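Trainee:
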Amino acid sequence: MFMGAEAEAAAIREAFEQSGELAAAVEIQRLFPDISDMEIALCCARAIAIWSLRALPPSAKATRARRGKDRSGK
């Protein structure tokens with residue numbers, strides 16, 4: 728497992744969209760030299776290319792603090 732910044736993911740997605748999955752795999756190997764296996768780099772490239780960051784929808788019901796008796800029963 729490895730972790731990268733959004734800028735790195737964007738570069739990988741751009742390589743994937745412009746030149747295909749092989750270019751994205753090469754970009755992964757350029758950014759993360761420890762990933763030397765092309766098959767693993769291809770799997771990572773595919774996963775990053777299809778992953779999209781979406782904002783979570785706001786909660787329909789806001790959470791509020793409970794009122795009333797405290798947990799000690801007083």
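Heads up, the working numbering is the position in the sequence shown plus 727, with the first residue counted as 1. By construction, the Cβ of each residue, glycine as well, lies at the ideal position given by its N, Cα and C atoms. Bear in mind the structure is a predicted one, so any value in this text is a computation, not a measurement.
#1: In the DSSP assignment, find the alpha helix (DSSP H) that holds Ser746 and state where it starts and stops.
#2: For a cutoff of 8 Å on Cβ pairs, would you count Ile767 as touching chain D?
#3: Please return the same chain residues whose Cβ sits closer than 6 Å to the Cβ of Ala699, not counting the five positions on each side in sequence.
#4: Roughly how many angstroms separate the alpha carbons of Ala774 and Glu748, rounded to a whole number?
#5: Could you tell me which of Ala732, Ala752, Glu733 and Glu744 sits nearest to Leu769, measuring between CA atoms?
#6: Report the rounded CA-to-CA distance for Ser746 versus Pro760, giving the unit in angstroms.
Mentor: Checking against the coordinates, here is how it stands:
#1: Glu733 to Ser746
#2: Absent from the structure is chain D; it holds one protein chain and no more.
#3: Absent from the structure is residue 699, since the part of the chain shown begins at 728 and ends at 801.
#4: 10 Å
#5: Ala752
#6: 20 Å
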